Each structure stands twice: as structure tokens, then as C-alpha cells.
Amino acid sequence: MSNLLEGKTALVLGVANKWSLAYSIADAFRREGARVLLTYQGERQQATVEALGAELGAARVLACDVTQDQELERLVETLRAEDDRLDAVVHSIAFANKEDLTRPFVETSRSGFLLAHEVSAYSLVSVARATAPLMAGGGSIITLTYLGATRVITNYNVMGVAKAALESAMRYLAGELGATGIRVNAISAGPIKTASARAIKEFSSVLDFVAQRAPLRRNTEPAEVADAAVFLASDLGRGVTGNILFVDAGFQIVGL
Ligand code: NAD
Ligand code: IMJ
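Last residue of the sequence shown: 251 in my numbering, with the numbers rising by one and none dropped.
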């Protein structure tokens, strides 16, 4: 590829380790010439993400737990103080209580439901609100979703409901922010063995099932998701907003 993101600055939220989809996306953005800013969730992740940032050549590594409004405000103040503008923002964040991904969905507690929605769906709205003023003249917001938003996937449970809210929020944001030239899209990735997936029991059999039935007869690679994010962040994606781009080896089209 050749410098599709030259001259652009991208904020990437959701790197926890080198398996994170956000890490592959940041890596591809750097390859395409972008200046990349990373965030980490909490002190526990600071050292790891700073090391990964150094490896990637990230310009900055900043704190941002999306449940803490002050951290998002501080992040934006820091960027503003440096006269930084943003051309792309990648939201690659999800969380639900482990027990809500193992027990029957009907047992989901009010607090577990609210937590999953706060971290995995509302955060797209708060991140968009905070960063849109830094994208004067236009930009691209990208979030990560999963097929469980619209289909029943064993154990995905409350995360599926939160992803449905995320996808709808993505469309409402696209509807509003389009007037300022900001595009908002989601990438629906096929199952990939990241930390968020490794914790799921029998994840290997999910991967095998998909690889047998997907039109491409294989699983999805992080680099494929990252290249789709490059497209959406670049000027090649200028006509695309409010969309869900499936990067899943074609699995979502399969019926019987
Ligand atoms: P990951 O565990 O590497 O990434 C999840 C990230 O969410 C972590 O970096 C974590 O720190 C962050 N996060 C959680 N709570 C947070 C908070 N309060 N504040 C800030 N950050 C917080 O796993 P991943 O698979 O790379 O997940 C990234 C995104 O991709 C998620 O939205 C996930 O739903 C989505 N996705 C993953 C797959 C898959 O199979 N791995 C498939 C489709 C979509
Ligand atoms: C997650 C749960 C159940 C089935 C699943 C997944 N399948 C896939 C995932 C089939 C692909 C991964 N995924 C798409 C996610 O969005 C994962 C989110 C997630 C994972 C965990 C595990 C550890 C934990 N909380 C989590 N919160 C969200 O404690």
C-alpha cells in the first residue's frame, strides 16, 4: 500500500496488548503514514500500551477509561493544548461481566446490562461528542461490532444487545455529524482470537465452525480488519457513512 493516510492524525482507543484489533489497526495506520495517538484503559495497562506505542512509533500514549468523563475531557484538553487536530478516531472497546457471557441471557442483572451498554455502546457517543470538535472540516469515526448484534450467538448474550445499541448509535451519529463532514461507520469482524475472545469457553470450536462454513472457508485475520479501517479512515472512503462493513470471510451471508 502507499501512504493512504499521509498527513492524517488518528486517535486509536482499545489497545490492551499486541493481539488487540486496535493494535493491528494502529499498525496499519502507521504503515499508511498516519500520525497515531493511542489510549489505555487504566494504570494497569499503562506500561504495556506505552511499550507498544513506542514499538509502533505512536506520537502519544494517553489515559482514557471511557467510564470516567474527566479522562475523556483531559484527553481532549491535552490534544487541544498541543493544537492537535484529528482526522480519524477508532473506537475498539467492549466489556461485559464474565458471568453475563456464560449464564443464560434471561439471568442478566440490571447492573450487568447497564455496564455492558455503558462501556460498549454509550462510549461511542461520548467519544464522538468529545472528539468531533477536533475534526474541523471532517473526519472518520470507526467502531468495531459483531454479528451477535443481529443474530443469536451462543453466550454473546448482553454483548449482542449492547452491539445492537452500538450499531444504532453509529447510524444516529452518522446522521448528525455528516453535516460537518464527519463520517461514522462500523466494521463487523469475524471471530478472532484476541484477549476478549480467548476468555470465551470453546472459542476454538467457534473458529472451526466459521472456517468450515464461511464462503472463503477460513477465519478472519486482524490485518484484514485493519486494512478495512484504513479504507474507512482514508479519502477512499469519502462517500461511505452510517455503514456496517463486514470483514468476516463472508460468514454473515450464509443461511443453510
Ligand atoms: P481486546 O480485549 O484486545 O480489546 C478490548 C479493549 O476494550 C481493551 O483494550 C480494553 O482495555 C478496552 N476497554 C474495556 N473497557 C474499557 C473502558 N472502560 N475504557 C477504555 N477501554 C476499555 O479485544 P478485541 O477483540 O481487540 O476487541 C476490540 C473490539 O472488537 C471490541 O469492540 C470487540 O467487541 C470487537 N470485536 C471483536 C471480535 C473478536 O472476535 N475478537 C469480533 C468482532 C468485534
Ligand atoms: C464473546 C462472548 C461470547 C461469544 C463470542 C464472543 N464470540 C465472539 C466473541 C463468538 C467472536 C468476541 N467478541 C466479538 C466480543 O465482543 C467480546 C467481548 C467481551 C469479552 C469479554 C471476555 C472477558 C470479560 N468480559 C468480556 N467482555 C466483552 O470478562
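Glycine included, each C-beta is placed from N, C-alpha and C at the ideal position.
Since the structure is predicted, the reported quantities are computational estimates derived from the model, not experimental observations.
Contact test: residue i Cβ vs the ligand NAD heavy atom, cutoff 7 angstroms
i: Thr140; result: yes
i: Leu16; result: yes
i: Asn12; result: yes
i: Val61; result: yes
i: Gln41; result: no
i: Val85; result: no
i: Val205; result: no
i: Val122; result: no
i: Gln247; result: no
i: Gln36; result: yes
i: Thr145; result: no
i: Thr189; result: yes
i: Gly133; result: no
i: Ala29; result: no
i: Val114; result: yes
Minimum C-alpha distance to residue i - residue among the options
i: Thr4; options: Gly133, Leu109, Ser87 and Glu45; result: Gly133
i: Glu113; options: Leu240, Leu51, Asp60 and Ala224; result: Asp60
i: Ala54; options: Leu74, Glu66 and Arg233; result: Leu74
i: Asp22; options: Asp95, Asp82 and Gly48; result: Gly48
i: Thr103; options: Glu72, Val153 and Leu129; result: Val153
i: Gly28; options: Gly2, Ile20, Leu8 and Asn12; result: Gly2
i: Arg26; options: Asp95, Ala184, Ile248 and Leu51; result: Leu51
i: Leu32; options: Ile148, Pro99 and Glu45; result: Glu45
Per-residue burial, residue i [other beta carbons within 10 Å of its own, 16 or more giving buried]
i: Thr126; result: buried
i: Phe204; result: exposed
i: Glu197; result: exposed
i: Asp78; result: exposed
i: Lys158; result: buried
i: Ser106; result: exposed
i: Thr270; result: As displayed, the chain neither begins before -4 nor continues past 251, which places residue 270 out of reach and without an answer.
i: Gln36; result: buried
The beta strand (DSSP E) enclosing residue i, as first and last residue numbers
i: Asn180; result: Ile177 to Ala184
i: Phe241; result: Ile239 to Val242
i: Tyr35; result: Arg30 to Tyr35
i: Thr4; result: Thr4 to Leu8
Unbroken alpha helix (DSSP H) run spanning residue i, endpoints
i: Arg39; result: Glu38 to Leu51
i: Ser135; result: From DSSP, Ser135 is part of no alpha helix (DSSP H) but of the beta strand (DSSP E) over Gly134 to Thr140.
i: Thr126; result: Ser118 to Thr126
(message) Strictly closer than 6 angstroms from CB to any heavy atom of the ligand IMJ: give me those residues in the order they appear in the chain.
(response) Ala89, Phe90, Ala91, Lys93, Leu96, Tyr141, Ile148, Asn150, Tyr151, Met154, Pro186, Ser191, Ala192, Ala194, Ile195 and Val201
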